[in-house]
Structure formats: C-alpha cells, structure tokens
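With numbering that gives the first Met the number 0, letter number 255 in the sequence shown gets 254, and the count goes up by one each step, no holes.
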Amino acid sequence: MDDDALELERLLAARRARLRRRPHSRARWLVSAFAVLVAILVGSVAAGAVGGRAALLDSCSLDELRPVALGTNSFLYAADGSLLGVVPSSTNRQPLELKAMSKWLPEATVAIEDRRFWQHGALDYQGIMRAFFTDIQQGRIAEGGSTITQELARNLYIGNAQRTLSRKLREACLAEKLSQRMSKSQILAAYLNEVFYGRHAYGAQAGAQTFFSTSADSLTLPQAALLAGLPQAPSTYDPRLHPSLARARRNEVLRAMFQAGDITRPQLRKATHAPLGIRFGSLYRTLQHPNFFGWAQQQLVQRFGAREVQGGGLQVTTTLDPRLQRLAKEAIAGVLKTPTDPAAALVAIDPRTGAVKAMLGYLPDERKMQFNLATQAHRTTGSSFKPITLATALQQGASVYSTFYGPPELFITDPQCATNGGPWDVHNNADETAGTMNLLDATANSVNTIYAQLVARVGVKNVVAMGHRLGIKSNLQAVCSITLGTQAITPLDLTTVYATFAANGIRHWPQAIRLVKDSTGRVLGRLQQKGTRVLSPNTAALIDDALEGVISHGTGTAANIGRPAAGKTGTAENYIDAWFCGYVPQLATCVWVGYPKAEIPLQNIEGVGSVYGGTLPAEIWHNFMAGATWRWPVEDFPKPTSYGSVYLSGSGTYGSSSWTSTNSGSTG
Numbered sequence: 000m001d002d003d004a005l006e007l008e009r010l011l012a013a014r015r016a017r018l019r020r021r022p023h024s025r026a027r028w029l030v031s032a033f034a035v036l037v038a039i040l041v042g043s044v045a046a047g048a049v050g051g052r053a054a055l056l057d058s059c060s061l062d063e064l065r066p067v068a069l070g071t072n073s074f075l076y077a078a079d080g081s082l083l084g085v086v087p088s089s090t091n092r093q094p095l096e097l098k099a100m101s102k103w104l105p106e107a108t109v110a111i112e113d114r115r116f117w118q119h120g121a122l123d124y125q126g127i128m129r130a131f132f133t134d135i136q137q138g139r140i141a142e143g144g145s146t147i148t149q150e151l152a153r154n155l156y157i158g159n160a161q162r163t164l165s166r167k168l169r170e171a172c173l174a175e176k177l178s179q180r181m182s183k184s185q186i187l188a189a190y191l192n193e194v195f196y197g198r199h200a201y202g203a204q205a206g207a208q209t210f211f212s213t214s215a216d217s218l219t220l221p222q223a224a225l226l227a228g229l230p231q232a233p234s235t236y237d238p239r240l241h242p243s244l245a246r247a248r249r250n251e252v253l254r255a256m257f258q259a260g261d262i263t264r265p266q267l268r269k270a271t272h273a274p275l276g277i278r279f280g281s282l283y284r285t286l287q288h289p290n291f292f293g294w295a296q297q298q299l300v301q302r303f304g305a306r307e308v309q310g311g312g313l314q315v316t317t318t319l320d321p322r323l324q325r326l327a328k329e330a331i332a333g334v335l336k337t338p339t340d341p342a343a344a345l346v347a348i349d350p351r352t353g354a355v356k357a358m359l360g361y362l363p364d365e366r367k368m369q370f371n372l373a374t375q376a377h378r379t380t381g382s383s384f385k386p387i388t389l390a391t392a393l394q395q396g397a398s399v400y401s402t403f404y405g406p407p408e409l410f411i412t413d414p415q416c417a418t419n420g421g422p423w424d425v426h427n428n429a430d431e432t433a434g435t436m437n438l439l440d441a442t443a444n445s446v447n448t449i450y451a452q453l454v455a456r457v458g459v460k461n462v463v464a465m466g467h468r469l470g471i472k473s474n475l476q477a478v479c480s481i482t483l484g485t486q487a488i489t490p491l492d493l494t495t496v497y498a499t500f501a502a503n504g505i506r507h508w509p510q511a512i513r514l515v516k517d518s519t520g521r522v523l524g525r526l527q528q529k530g531t532r533v534l535s536p537n538t539a540a541l542i543d544d545a546l547e548g549v550i551s552h553g554t555g556t557a558a559n560i561g562r563p564a565a566g567k568t569g570t571a572e573n574y575i576d577a578w579f580c581g582y583v584p585q586l587a588t589c590v591w592v593g594y595p596k597a598e599i600p601l602q603n604i605e606g607v608g609s610v611y612g613g614t615l616p617a618e619i620w621h622n623f624m625a626g627a628t629w630r631w632p633v634e635d636f637p638k639p640t641s642y643g644s645v646y647l648s649g650s651g652t653y654g655s656s657s658w659t660s661t662n663s664g665s666t667g
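Take a look at the structure:
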C-alpha cells in the first residue's frame, strides 16, 4: 500500500473511531436517513404516483424564496483593460458559462458527485437506495444520495442548515422545481459557479485561480480532477495542508472518470502520476495602483452602495491611464532619488470630463502607505491658491491691468483681516520690494503684499465661496491669509480647481469610473460628462493669460514644456510644502512635495537649498507633462474678449487704495 493510501486509511480509521464513540448519533442519523428515503419514495417514487408527487411539489415555491446571497467579486480595470484589482466579496466568486470552462471539470464533477446526472431527474432514487444500504453496511456516512440538482437547491435557497427530515424534503421539492425551470446543462453550470472549493473560492473560475493561477477554461485533466474532488471536504483535501490526501482524492476522481468512460486508460495512468502542480494564485489579493484603486472603490460605493460593490459582480472600467500613471512615477522618481527625500503626490485630470487619468502618492524609499497622499493629505498650498483670489476679482469685473504697489512689508488694517485683534502683517518672499505692477505681473511674480490688498478688496468670504465653486471640498476658513495658501487642501481638490480653469470655467467633479456593468453585462453607469459653469468664459481666459505668464517669465519657468501651458507655483511658510499646479487644454496636473507625517522644512534636497514650488515640483510637473503631451496636438487657450472694466489701485498703504472704474476695458 502506498503512502497516499495509508494516509487516507488512517483518516478513515479515525472517522470510524469517532463514530464508534458516538453510536447513538450514528443510529439517529441512519434512522433519519431511512425516514427521508421513505418520505421521498412515498412522495414521488414514480411518475404514476401523481398525488404524492403533487403534494411534494406543493410544499415549496421558488418564487417565494430569496436566494442565499452567494456574493460575487467586483473587478476594476484601467482604461486600457488591464486589471487594477478586485473588490472582494466575502466569497471569491466569478461566474462563467459552461462553455467557458475546461471540458474536464464538468465531466470530473459528474463522475464523482452524481454519476447518473444525465439519466435521472431532479432526484436519483437508485442513488438514494444505493447510498442508504452502503451506509447501513459500513455503519457510517460512506456515501451520499444527493444529486447535483439537490446540492444546487440547497446551496441556492437553504444554505448550511442542519440535516433534518424537513430540510431534506424541502431540498427535494426545490430540486424538482429547479429541474422544471432549468435544463441539465444550466443546472450543471449553476452548480459549478457556486460550489465551494475551499480557501474562500466559490465556483470554477475562483477555484482555478485560487489553486492553479489559471482560468477555468485552461484547467488540465489532473487539475480539474483535483478541483472536482474538493467540495466533499474542502479542508480535509486542502492541497496545501494535506497534499497526500488531496492526491488520493484526485486519483479517486480520475478512476471514477475512467469508469464512466470519460477518459482512456493511458490518460488515467498519466494523470494519476502527475504532480499536484499547485500554484496558489494572487488574483484576488493583488492590487495595481492602490491609491487610485481605493479612491475608485469609494466612488463606486457612493454611487451603487457597498452591498452591490462587494457582492454584485460588477465589471468596472476606470479612467486611469496606465501610460500616464507610469509617467507620473518616473517623473517623481527621477527627481526625488534618495530614500531620505520627502514624499510627493501627483494628480492628473482631463478637464473636459473630470476623469482622473493619473493619481500617485510616492515615497522615495518605496514604503507602502495605507494613507492616500493624493486624496487624504491636507497640506498648505502657498501661492498656488492665489489664482482663486484672482478669479474672484475678475469675476467681479476687475481689470487685470489694475495696478498695485507691493512693498516688502504691509499692514492690512481692514477689520475682516484682523489678526489677534491687530492689523494683518504681510511680507513678500525674502522681504523683497516688488514695485508697482498690474495683476498679471503680480501673479507671475507671486507678490504677497499685492495679493493681500486684493483679498481685502474682493472680500475674503467671496474668495472662500469661489474656492468651493471651483472644486475645493476641503473646509475653508474665511481668513484673509487664505490668499497666501495658509489653509490645508488635498492635491485632488487643488487639481480640480486648475482643471476648472483649463475647461474654460466649467467645473467637472473628479471621476474614477468610466463604465460599470453588472454580472450579466447590463450597463449600470457611465462617466458623467456634464459639468457646471462657475466662471464666465472671459474670466477663465484671463486666468489662462495670467498663469501663462508664470511659466513664460515668472516663478515657474522650470515648468516650460514648449507649448501653451499655464500654471502657478506654491511654497508654504518655512518651506514645509511645495507645489506646482498647471495645465494645457487637454490635461490639468498638480504636484505636491513634502514630508507626510510632520511639517519639516524642505531644505537641502537633491542639491536645492530651499525647495520652492518653482524648483523640484515644477521639475516633476515638467517631466510628467512633457511625456504626457508628447504626440498630442498643440492647442491654444481661448483669448479674452475683455480685460475687465473695473480698475483697482493700491499705493502700498492699504487705507489709501481705492476702486476706480471705467466703462471700457483695456488691451494693455
């Protein structure tokens, strides 16, 4: 006797010993089995027993029962069809049609589970009698009499209820009802899509992926035989825990297939000597681009509900562009090369729809974070917030040629800007004197003392409202320092703002989902195309004009990619955060650099003494956008039709500033 047979015999001996220690339990089961047998045979022993059969069929109704929730994994794919990951059900399950499975699996299953499946009806009376007398002879549960149709009825409508007479009668009734609605092939396919193989794998596809890292249509004869043998006792025959028992059970299935005429003797000999070939799959555990995947899953749950996402078998095509995602990682890794360097986040959005094309949180030491820097990290934005203040002024009719004097230091005495009961003390970068300039140049050179005057003029509450209209969901406080970027915003929020500028003033909320289908292929949802106009086309064109100057001759020249582009640098106080946000008409992108767990100054990093938005973030943005737009057609921004009719002026002493207006715009 070989080792496999010895181990199987030891297992059976242990079972017999347990049964001998519980004679009353065995006797009760045998009596129950006999009662079930008699009840079924009396109820429907032959087609002629019309009354008994009718009584049995009247005892249940499929229409009045809700099927047991089996659950099916939902799968998320990138825009190119590559798999991002799986939203797991409590049970891994991936339904297939019978024709999408290897022919060996149905044959192996019928041979070992229900050898007369194609001959009998819903119930196999010969099988019931055979099983009963076998169990009587061996004094134990050696053989079951349930058909595949009965197993399907139990798994679909009853679940793992205790073995009782009433349950067996109900199971028999439901099996008869199922056989009236479904063909044999449909019943076998349904069974193979829900049967439990162990290790959370329900159904043929999940079983093939879990144990062999392959699809159900690629199963070989030995693989299919191993799978077909597992449902009887998935833990006992687990090939990782009990390889010898699994092998013995597989070979038992192969012998049953030979006896049924499904395979030849040479096939039997070759398959029984084949190794188990277990290759445990990672399909249901592996995630590509986990930051984006997690955010996309949240969007799905918000739109369709957690139950549908976690068990509805959704097939989801997302907006993620793997090429742009790869470019994002390369752009960041090419700049932040040292393991001790700060982290970075990059978000890229199609401004025409809000589709998120790339989303990446990056740590140079390649540590994995459970925290999504792109959507959860609220960081101070520095001067990258200033375009929101500019948009507020322009929407009120201010001219971009309004002139202000920007001294190195300025006290704003307006009550709305009071700080600790006194005036707001504002400094330019390095306390430099900016001189007198219009709003275009003040934006290009990011002059704090001019923007401090501007936020007081337009009203800080109006700036807060504009920020939310443009796409910021983060909480904003109505304090004047908001114009200098002192409040914390996520990279996703700020990218949405710049995408609104790029879309000529039409806001699209960021979206991760392009197409959603249910398990039957029915379309449940698509990318939402419609946006909301929040800026006039002329205001948006003026913003484009101002932010083009940042790249062409201002603080963001390192971001120049040789085509029309607009953007803004941002550097938080003490260099704790650095940003560059910008766009071309087809794509808006924000880059943030900083230390995620603390407000640590960005000093002496990759040869840069103090990291401004115009240094490392602008370099990352440049490298990403240059690659992203390669081979894209060059598009120009819309031209303004008016440059504003209300002129503002400021001498550097806030109290002497005044509104002056004219009825005609200036072309500069």
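Glycine residues also receive a C-beta, built at the ideal position from the N, C-alpha and C atoms.
Let me make sure I understand the geometry here. Which of the options has the alpha-carbon closest to that of residue i?
i    : options                   : result
C479 : A501, T448 and R468       : T448
D320 : Q510, T337 and C172       : Q510
S535 : S217, A259 and I505       : I505
V399 : V645, R114, W117 and V86  : V645
L541 : G643, S518 and R525       : G643
L212 : S184, I186 and G276       : Note on residue identity: the sequence assigns Ser, not Leu, to residue 212. That would be G276, whose Cα lies nearest to the Cα of S212.
L439 : V459, K472 and L546       : L546
P350 : L493, D364 and N559       : L493
G671 : E193, F579, T418 and L226 : This structure leaves residue 671 out entirely; the chain is present only between 0 and 667.
M181 : N290, P490, G120 and F370 : G120
A599 : W620, S214 and E572       : A small fix is needed here, since residue 599 is Ile in this sequence, not Ala. When each option's Cα is compared against that of I599, the closest is E572.
K183 : T339, A200, Q118 and L155 : Q118
Compute the Euclidean distance between the alpha carbons of residue i and residue j, then round it to the nearest angstrom.
i    : j    : result
V44  : Q231 : Note that V44 has pLDDT 42, beneath the 50 cutoff, so the model's placement of it is unreliable and the number below is only indicative. Roughly 27 Å between the two C-alpha positions.
F210 : Q149 : 26 Å
L453 : G312 : 53 Å
I140 : E112 : In this prediction, I140 scores a pLDDT of 45, lower than 50, which makes its location untrustworthy; the coordinate-derived value is nonetheless stated afterwards. Roughly 15 Å separates the two Cα atoms.
E408 : Q298 : 46 Å
L11  : T235 : Bear in mind that a pLDDT of 43 at L11, under 50, signals an unreliable position, so the number given afterwards is only what the model happens to contain. Roughly 11 Å separates the two Cα atoms.
V85  : G396 : 50 Å
L82  : A205 : 16 Å
A32  : D123 : Confidence in A32 is poor, its pLDDT being 49 and thus under 50, which makes the residue's placement too unreliable to answer from.
L18  : I512 : Confidence in L18 is poor, its pLDDT being 41 and thus under 50, which makes the residue's placement too unreliable to answer from.
D413 : W508 : 35 Å
L240 : G280 : 16 Å
Would the beta-carbon of residue i fall within 8 Å of that of residue j?
i    : j    : result
G593 : S383 : no
T568 : A617 : yes
Y497 : C416 : no
D576 : R378 : yes
K328 : Y361 : yes
L469 : A390 : yes
S73  : V308 : yes
R153 : E170 : yes
D463 : I481 : The amino acid occupying residue 463 in the given sequence is Val; Asp does not appear at that position. Going by C-beta atoms, V463 is nearer than 8 Å to I481.
Q585 : W631 : yes
The alpha helix (DSSP H) that contains residue i, what's its start and end?
i    : result
S551 : P536 to H552
E112 : W103 to E112
V462 : V459 to L469
N437 : From DSSP, N437 is part of no alpha helix (DSSP H) but of the beta strand (DSSP E) over G434 to N437.
Y76  : Element bounds for Y76: not the alpha helix (DSSP H) but the beta strand (DSSP E), S73 to Y76.
K269 : R264 to T271
Using 8 Å as the limit for Cβ to Cβ distance, is residue i near chain C?
i    : result
K328 : In the structure shown, chain C cannot be found, because there is only a single protein chain.
If you follow the beta strand (DSSP E) that residue i is part of, which residue opens it and which one closes it?
i    : result
I331 : Unbroken run through I331 is the alpha helix (DSSP H), P321 to A332; no beta strand (DSSP E).
W508 : W508 -> no beta strand (DSSP E), and no H or E assigned at all.
R630 : Segment: none, R630 is in no beta strand (DSSP E) and carries neither H nor E.
I604 : Q602 to I604
F292 : No beta strand (DSSP E) contains F292, which is instead part of the alpha helix (DSSP H) from P289 to F303.
I147 : Note, I147: premise wrong, no beta strand (DSSP E); alpha helix (DSSP H) at I147 to A152.
Y361 : V355 to Y361
Count the other C-beta atoms from every protein chain shown that fall within 10 angstroms of the C-beta of residue i, then say buried if there are 16 or more, exposed otherwise.
i    : result
V670 : Here the chain covers residues 0 to 667 and nothing more, so residue 670 does not appear.
I262 : buried
L323 : buried
F403 : buried
D635 : exposed
N474 : exposed
W591 : buried
A99  : exposed
At a cut-off of 7 Å, would you count residue i as near the ligand SAM, judging by its Cβ distance to the nearest heavy atom?
i    : result
P363 : Inclusion of the ligand SAM in the displayed structure is not the case, the ligand content being empty and no account of it being possible.
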